[in-house]
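With positions in the sequence shown counted from 1, the corresponding number in the numbering used here is that position plus 24. Just so it is clear, CB atoms sit at the ideal spot from N, CA and C, and this is done for glycine as well. Bear in mind that the values here come from a model prediction, so they are computed numbers and not experimental data.
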Amino acid sequence: METILIILYFIFFSWMLMKVPFFKNIPGLSYRMLLLFFALKILAGIFMIQIYTHIYDIEIADFHKYYSDGMVLYGVLKESPVDFFRILTGIQTSAVHLEQYYDQMDYWNRPWETPVYNDNRVVIRFNALAAVFSFGSIYIHNIFINFLSLSGLVAIFKFVLRYADKEKLFWLLPGIFLFPGMLFWGSGILKEGLLIWAFGFWIFYTDKIFAQRYFRFSLIIYFAFFSFFLLLLKPYALALWLPCMAGFYLSRNYNTIKIIPGYIISFTVFFMIMLAAGWIFPHYDFIQIMVNKQNNFVNHALALDAGSIIHTRYIDTNIWHLFIEFWRGLFYTVFRPHPLEAYSAVVWLATLENMFIWGMFLWTLFHFDKEGISKYPLFWLCLFYVILLMGFVGMVTPLHGAIVRYKIPALPFLWVFWVHMTRLPDARKINNSRLWNFFNK
25 METILIILYF IFFSWMLMKV PFFKNIPGLS YRMLLLFFAL KILAGIFMIQ IYTHIYDIEI
85 ADFHKYYSDG MVLYGVLKES PVDFFRILTG IQTSAVHLEQ YYDQMDYWNR PWETPVYNDN
145 RVVIRFNALA AVFSFGSIYI HNIFINFLSL SGLVAIFKFV LRYADKEKLF WLLPGIFLFP
205 GMLFWGSGIL KEGLLIWAFG FWIFYTDKIF AQRYFRFSLI IYFAFFSFFL LLLKPYALAL
265 WLPCMAGFYL SRNYNTIKII PGYIISFTVF FMIMLAAGWI FPHYDFIQIM VNKQNNFVNH
325 ALALDAGSII HTRYIDTNIW HLFIEFWRGL FYTVFRPHPL EAYSAVVWLA TLENMFIWGM
385 FLWTLFHFDK EGISKYPLFW LCLFYVILLM GFVGMVTPLH GAIVRYKIPA LPFLWVFWVH
445 MTRLPDARKI NNSRLWNFFN K
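What follows is the structure, given as C-alpha cells:
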C-alpha cells in the first residue's frame with residue numbers, strides 16, 4: 025500500500041509541475057528539466073533517510089526527531105480532533121490539558137528559554153499535517169517537502185532571471201537547483217526544505233509587489249503569509265535579506281544613487297532601526313538575542329560533546345567584538361570543514377562542497393568578468409547577502425555540522441554572483457547536445 029501511495033503522489037506532483045501556471049513558460053526551465061530536478065531531490069532525500077537510519081545512530085538525525093514528534097502530534101487527531109487542530113494552528117495552545125501531548129514530544133520545547141519562536145514546532149507541525157495524507161509514511165513526507173522546496177527554488181530562479189545576464193542563463197540553472205549542499209540538506213525532511221520554499225516565494229512576491237508594482241489582493245495575502253512563516257521559521261534569513269534588497273532597489277531604481285552608496289545607506293538605516301528597536305523593546309533586542317543564541321549553542325554543543333565543534337568561545341554584545349567574530353565566522357563558513365577534519369561520510373560531503381567553492385573562485389582568478397559586475401546590480405545583491413548570511417551563521421554556530429545546513433539559503437546567490445563575475449565556457453556546444461535537447465523540451 026505504501027509503495028502504491030508513493031507512486032501516486034509522485035505522479036500527482038509531476039502532473040502539477042506540468043499544469044500549474046507558475047511552472048510554465050520559464051526560459052531555460054522546461055517541464056522535463058523540472059521533473060529531473062524533482063526526481064533528483066526525492067532521491068537525495070531517500071539517500072539521507074537511508075544514511076541516518078542504517079549507518080548513523082538514528083538518535084542524532086534531526087529529521088527523525090521531527091518526524092517522531094510529528095507522529096505523536098498526528099496521534100492526537102485520533103484522540104481529540106479539536107486538540108489536534110488547536111496544536112496544529114497554534115490557537116490557544118497554552119491550555120493545561122495539552123501538556124500531556126507536549127510531554128510526549130522530545131523537541132516541542134527547547135532546553136533553554138528565548139523570546140524567538142521555537143522553529144522545531146514548524147517542522148513538527150508539517151510532519152503531523154503531512155501524516156494526514158501520507159498515513160505516516162516518511163517517504164511520502166519526503167515527496168511533499170521536496171515539491172515545496174523545488175517550488176521555492178523555481179521562485180528564486182524566476183526572480184534571478186528577471187535581473188540576470190540572459191547570456192549566462194544556461195550556467196545559472198545547475199548552481200541554483202543542484203548545488204551539492206542544497207541538493208542534499210535542502211532535500212531532507214528538515215527546516216531547510218521549508219525555509220527554501222518560504223524564502224523563495226517571499227522574494228518572488230516581494231519583487232512582484234514592490235518592483236513590478238502588482239498590487240493584487242492575492243499577492244498581498246501571499247506576501248503576508250510567507251512573511252509570517254519566515255518570522256516563525258528562520259527570521260535571520262529574512263532580516264539579513266532586507267537591507268540587501270533595499271540597497272538593490274535603491275541603486276537600481278534611482279539613477280542618482282550609485283550601487284555602493286545605495287547599500288551603505290541601506291545598511292546604515294537598518295542598523296539604526298535594529299539598535300532603536302532593541303532600545304524600545306529590550307525583550308526583542310536583536311544583538312542580545314543573537315548573543316544568547318550563540319552562548320546557548322556553545323553550551324549545547326559542549327553538553328553533547330559534539331564531534332564537529334569548531335570552538336567554544338562565547339560572544340558578547342560589544343560591537344567591536346561582534347565585528348571581529350563576524351569575519352571569523354565568515355572564514356569558518358567558507359573553510360570549515362576542510363579535508364583534515366573529515367571524519368565521516370557526511371563531513372566529507374561538506375568538505376567536498378567547500379573544496380568545490382574554493383575551486384570556483386580559483387577559476388575566477390584566471391577568468392574574471394568585469395562586465396558582469398558593472399552591468400548587473402544583481403551581482404551586488406547576491407554578494408552582500410552571501411557575506412551577511414555566511415558571516416552570521418559562522419559567528420553564531422560553533423559546529424561545522426550545523427554550519428553546512430544553516431548556510432543553505434546563501435548557496436543559490438553564491439552561485440549567481442559567481443556566474444556573473446566569471447567568464448564561463450561557451451554553452452552553445454552543450455545546448456546542441458542530444459542530452460540537453462532531450463531535457464530542455
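Quick check on DSSP: helix, strand or coil for residue i?
{"i": "L448", "result": "coil"}
{"i": "L328", "result": "helix"}
{"i": "L412", "result": "helix"}
{"i": "F87", "result": "helix"}
{"i": "L423", "result": "strand"}
{"i": "F159", "result": "coil"}
{"i": "I50", "result": "strand"}
{"i": "I333", "result": "strand"}
{"i": "F305", "result": "coil"}
{"i": "F203", "result": "coil"}
{"i": "F239", "result": "coil"}
For residue i, collect the residues of the same chain with a Cβ closer than 6 Å to its Cβ; drop the 5 residues on either side in sequence, then sort them by chain order.
{"i": "R24", "result": "Here the chain covers residues 25 to 465 and nothing more, so residue 24 does not appear."}
{"i": "H424", "result": "S332, I334, R360, P361"}
{"i": "M419", "result": "E349, F350, G353"}
{"i": "A330", "result": "L423"}
{"i": "E26", "result": "S161"}
{"i": "V549", "result": "Residue 549 cannot be examined here, being either before or after the span of the chain that is shown, 25 to 465."}
{"i": "W372", "result": "A366"}
{"i": "D231", "result": "F183"}
Do residue j and residue i count as a contact pair if the criterion is CB distance below 7 Å?
{"i": "P422", "j": "F347", "result": "no"}
{"i": "F249", "j": "Y229", "result": "no"}
{"i": "S211", "j": "G69", "result": "yes"}
{"i": "G302", "j": "G286", "result": "no"}
{"i": "V417", "j": "I427", "result": "yes"}
{"i": "L193", "j": "G383", "result": "no"}
{"i": "F34", "j": "L41", "result": "no"}
{"i": "F66", "j": "I167", "result": "Per the sequence shown, residue 66 should be read as Ile rather than Phe. Yes. Within cutoff."}
{"i": "L257", "j": "V100", "result": "no"}
{"i": "I30", "j": "I164", "result": "yes"}
{"i": "I432", "j": "E216", "result": "yes"}
{"i": "S118", "j": "N464", "result": "no"}
{"i": "A366", "j": "T375", "result": "yes"}
{"i": "I233", "j": "L243", "result": "yes"}
{"i": "F310", "j": "M298", "result": "yes"}
{"i": "F87", "j": "L214", "result": "yes"}
{"i": "W442", "j": "I283", "result": "no"}
Please confirm if residue i has its CB atom under 7 Å from at least one CB of chain C.
{"i": "A248", "result": "Annotation note: the requested chain C is absent from the structure, which comprises a single protein chain."}
Below 8 Å on the Cβ atoms is my guess for residue i versus residue j; work out the distance and round it to an integer in Å.
{"i": "A152", "j": "Y98", "result": "5 Å"}
{"i": "D93", "j": "Y131", "result": "5 Å"}
{"i": "Y125", "j": "D107", "result": "7 Å"}
{"i": "P139", "j": "Y308", "result": "6 Å"}
{"i": "W485", "j": "R447", "result": "The first residue shown for the chain is 25 and the last is 465, placing residue 485 beyond what the model contains."}
{"i": "F150", "j": "L218", "result": "6 Å"}
{"i": "W39", "j": "A451", "result": "Not quite, the Cβ-Cβ distance comes to about 30 Å (not below 8 Å), so this is no contact."}
CB-CB under 8 Å to residue i, same chain, minus the five flanking residues each way: which ones, in chain order?
{"i": "I148", "result": "Y90, D93, G94, L97, M129, Y131, W132"}
{"i": "K50", "result": "The question names Lys, but residue 50 is Ile in the sequence shown. Correct list, in chain order: V178, F181, K182, L185."}
{"i": "F294", "result": "L266, P267, A270"}
{"i": "T341", "result": "I311, Q312, V315"}
{"i": "F380", "result": "P204"}
I'd like the list of long-range same chain contacts for residue i, defined as Cβ closer than 7 Å, with 5 residues on each side in sequence excluded.
{"i": "Y466", "result": "The question about residue 466 has no answer here: the residues shown for the chain are numbered 25 through 465."}
{"i": "D189", "result": "G396, Y400, H444"}
Three Cβ pairs or more, each shorter than 8 Å: is that satisfied between the stretch 202-214 and the stretch 242-261? No, because fewer than three Cβ pairs between the stretch 202-214 and the stretch 242-261 fall closer than 8 Å, the two stretches do not touch.
The stretch 283-292 / the stretch 315-326 touching (three or more Cβ pairs under 8 Å): Look at the beta carbons and you see the stretch 283-292 not touching the stretch 315-326: under three pairs across the two are nearer than 8 Å.
Examine the Cβ distances between the stretch 163-174 and the stretch 54-68 and report whether three or more of them are shorter than 8 Å. As far as the Cβ criterion goes, the stretch 163-174 touches the stretch 54-68, which means the pair count is three or higher.
Taking 8 Å as the cut-off, does the stretch 219-239 touch the stretch 387-394 (at least 3 CB pairs, one atom from each stretch)? These segments do not touch.
Using 8 Å as the cut-off, can you tell me whether the stretch 254-270 makes contact with the stretch 403-419, which would need three or more C-beta pairs spanning the two stretches below that distance? Contact between the stretch 254-270 and the stretch 403-419 is present, with at least three C-beta pairs closer than 8 Å.
Report yes or no: do the stretch 180-191 and the stretch 431-444 share at least 3 C-beta pairs separated by less than 8 Å? Judged by Cβ distances under 8 Å, the stretch 180-191 makes contact with the stretch 431-444, as three or more pairs qualify.
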